[in-house]
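Chains A and B supply the protein sequences, listed in that same order.
In terms of the numbering used here, the first sequence opens at residue 23 and continues consecutively.
In terms of the numbering used here, the second sequence opens at residue 333 and continues consecutively.
Structure, as structure tokens:
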Amino acid sequence: MWNKDKSIVLSKILIVIMVLGIIASCIFAPQIVREYDNRVILEAGLPSVFTPLLVTLYCCVPPALTALISLYMLLINIQQNKPFIKVNIVYLRIISYCCFAGAVIFVYFAILRPFAWVIVAAALFFGIILRVVKNCFQQAVAIREENDFTI
Amino acid sequence: MIIVNLDVMMAKRKISSNELAEIIDITPANLSILKTGKAKAIRFSTLEKLCAALKCQPGDILEFVDDDNKE
Chain A
23 MWNKDKSIVL SKILIVIMVL GIIASCIFAP QIVREYDNRV ILEAGLPSVF
73 TPLLVTLYCC VPPALTALIS LYMLLINIQQ NKPFIKVNIV YLRIISYCCF
123 AGAVIFVYFA ILRPFAWVIV AAALFFGIIL RVVKNCFQQA VAIREENDFT
173 I
Chain B
333 MIIVNLDVMM AKRKISSNEL AEIIDITPAN LSILKTGKAK AIRFSTLEKL
383 CAALKCQPGD ILEFVDDDNK E
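This is the structure:
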């Protein structure tokens, strides 16, 4: 039977898989980017984007890992039945900033390859959604505190 | 701001925190929140029980102090 705990465990597993995926990408990024550069970019007769793409991807790793770790910590608190605590607002704020950081980093690559504006827009979109979720959590924490301190 | 003078009334009536908590049916932890002024609100039902237990008026427990003229 599907329940809340199993859902959280699934989310945790997905986060771990993503972290492992990012670490694997860090290791194999030069090969993957070289392959992409040779098969897609150079064959289309466009100038190589090997270095800019590699730099962009590596620069995106710290915010991505920070966001995933924050997400994992958030899930731990939710699992412990502590969703509306101040530290969760901090985690959501960090995740939101990481999305914005990803967007800013990808602007560099988007200048070279306009299709990357889609990634910039997506990262900004997620960042804004998370800010709104953070605002909701902030309000919920205030309501919970008021409720707890109403005797 | 509102000052809670519960400890003063409790001292006047010579009643302990645990005793009062038991009479008005709230936990000692919640009574402590009320006594220390950490509470954000008080229910009418709690205030009614406090007044009944301490044989006093709400004004004896709660006091308004103008923040500007605090000193």
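Note that CB positions come from ideal geometry on N, CA and C, so glycine has one too.
Remember, it's a predicted structure, so these values are computed and weren't measured experimentally.
Cβ of residue i within 8 Å of any chain A Cβ
{"i": "L304 (chain B)", "result": "Past the edges of chain B, shown from 333 to 403, lies residue 304 (chain B), and the structure says nothing about it."}
{"i": "K372 (chain B)", "result": "yes"}
{"i": "N362 (chain B)", "result": "yes"}
{"i": "I358 (chain B)", "result": "yes"}
{"i": "I365 (chain B)", "result": "yes"}
{"i": "T378 (chain B)", "result": "yes"}
Residue-level contact to chain B via CB, residue i, 8 Å cutoff
{"i": "T88 (chain A)", "result": "no"}
{"i": "I173 (chain A)", "result": "yes"}
Test item: CB-CB of residue i and residue j under 8 Å
{"i": "T78 (chain A)", "j": "F122 (chain A)", "result": "no"}
{"i": "K381 (chain B)", "j": "I356 (chain B)", "result": "yes"}
{"i": "F171 (chain A)", "j": "A371 (chain B)", "result": "yes"}
{"i": "N337 (chain B)", "j": "I393 (chain B)", "result": "yes"}
{"i": "Q101 (chain A)", "j": "I30 (chain A)", "result": "yes"}
{"i": "F131 (chain A)", "j": "P74 (chain A)", "result": "yes"}
Three-state class that DSSP yields for residue i in the structure shown
{"i": "E65 (chain A)", "result": "coil"}
{"i": "I334 (chain B)", "result": "strand"}
{"i": "T172 (chain A)", "result": "strand"}
{"i": "F106 (chain A)", "result": "coil"}
{"i": "A371 (chain B)", "result": "coil"}
Straight-line Cα distance separating residue j from residue i
{"i": "M333 (chain B)", "j": "A373 (chain B)", "result": "12 Å"}
{"i": "L87 (chain A)", "j": "W24 (chain A)", "result": "29 Å"}
{"i": "R61 (chain A)", "j": "K108 (chain A)", "result": "49 Å"}
{"i": "V112 (chain A)", "j": "N362 (chain B)", "result": "28 Å"}
{"i": "I358 (chain B)", "j": "E168 (chain A)", "result": "17 Å"}
{"i": "Q389 (chain B)", "j": "Y119 (chain A)", "result": "52 Å"}
{"i": "R135 (chain A)", "j": "R115 (chain A)", "result": "30 Å"}
{"i": "G149 (chain A)", "j": "Q160 (chain A)", "result": "16 Å"}
With 8 Å as the C-beta to C-beta threshold (strictly closer), list the residues of the segment 128-162 of chain A near chain B in chain order. When CB distances to chain B are screened at a threshold of 8 Å, not a single residue of the segment 128-162 of chain A falls below it.
Listed from N- to C-terminal order along the chain, which residues in the segment 339-352 of chain B have their beta-carbon within a distance smaller than 9 Å of any beta-carbon of chain A? Here the close residues number zero.
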